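Novice:
Shown next, in the form of structure tokens:
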């Protein structure tokens with residue numbers, strides 16, 4: 216039997232993390248890495264769906280406080296993460312499985328270290344169970360009419 220290796224999905228702001236390194240290079244080095252235009256553009260349903268689809272942990276990498284390209288995207292994400300911690304807890308999911316880090320890393324070198332740190336903690340928590348979690352997704356294009 217192989218040892219438990221947690222599945223981690225990493226969303227990172229493309230203005231602060233890995234912008235000097237080609238996306239193709241980082242996507243080979245970092246499994247389940249999803250660059251986003253801004254951490255503030257992440258919808259809560261995307262984060263919950265990652266868990267529903269089998270992620271043991273989700274890492275969000277945003278720009279430093281006061282240095283968001285879109286003014287307050289990282290602040291908005293921090294509020295979402297705070298709320299999502301409560302939602303995850305209500306499903307019996309340890310909120311430490313959803314982590315947000317703020318900073319910059321143009322070369323993307325520290326992303327793998329942050330993922331390794333989260334993986335170490337997730338190994339201690341063990342595999343996730345998301346039975347009963349319902350994630351409602353809406354297509355924003357449809358909701359605009």
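In our numbering, the protein residues as written are 216 to 360.
We put the CB at the ideal spot given by N, CA and C, even for glycine.
Every value quoted in this text rests on a predicted model; they were computed, and no experiment measured them.
#1: Mind checking whether residue 251 and residue 228 have CB atoms under 8 angstroms apart?
#2: Should residue 358 be labelled buried (16 or more other beta-carbon atoms within 10 Å of its own) or exposed?
#3: Compute the Euclidean distance between the alpha carbons of residue 353 and residue 304, then round it to the nearest angstrom.
#4: If you follow the beta strand (DSSP E) that residue 273 is part of, which residue opens it and which one closes it?
#5: By Cβ distance below 7 angstroms, which residues in the same chain neighbour residue 333 in space, the five residues on each side in sequence not counted?
#6: Since residue 224 sits in a beta bridge, which residues does DSSP pair it with?
#7: By the DSSP assignment, the alpha helix (DSSP H) with residue 335 in it spans what residues?
#8: Between which residues of its own chain and residue 259 is the CB-CB distance below 7 angstroms, once the five residues before and five after are set aside?
#9: For the structure I just gave you, are there three or more beta carbon pairs, one from the segment 321-332 and one from the segment 277-290, closer than 8 angstroms?
Specialist: The answer reads as follows:
#1: Here residue 251 corresponds to residue number 36 of the chain shown, with the count starting at 1. Here residue 228 corresponds to residue number 13 of the chain shown, with the count starting at 1. The answer is yes: Cβ separation under 8 angstroms.
#2: Here residue 358 corresponds to residue number 143 of the chain shown, with the count starting at 1. In this prediction, residue 358 has a pLDDT of 36, which is less than 50 and means its spatial position is unreliable; what the coordinates show is noted afterwards. Result: exposed.
#3: Here the question's residue 353 lines up with position 138 in the chain shown. Here the question's residue 304 lines up with position 89 in the chain shown. Residue placement at residue 353 is flagged as unreliable, the pLDDT there being 47, under the threshold of 50; the coordinate-derived value follows with that caveat. Their backbone Cα atoms lie some 23 angstroms apart in a straight line.
#4: What you label residue 273 is simply residue 58 of the chain shown in a count that begins at 1. Its beta strand (DSSP E) spans residues 272-277.
#5: As a first step, residue 333 is located in the chain shown; it is residue number 118 there, counting from the start. 223, 272, 274 and 314.
#6: To locate residue 224, count along the chain shown from 1; it is residue 9. Partner(s): 273.
#7: Translated into the one-based positions of the chain shown, residue 335 becomes position 120. Where residue 335 is concerned, the enclosing alpha helix (DSSP H) stretches over 324-340.
#8: Within the chain shown, residue 259 is the residue found at index 44, counting from 1. Within the same chain, residue 259 has close Cβ partners 295 and 299.
#9: no
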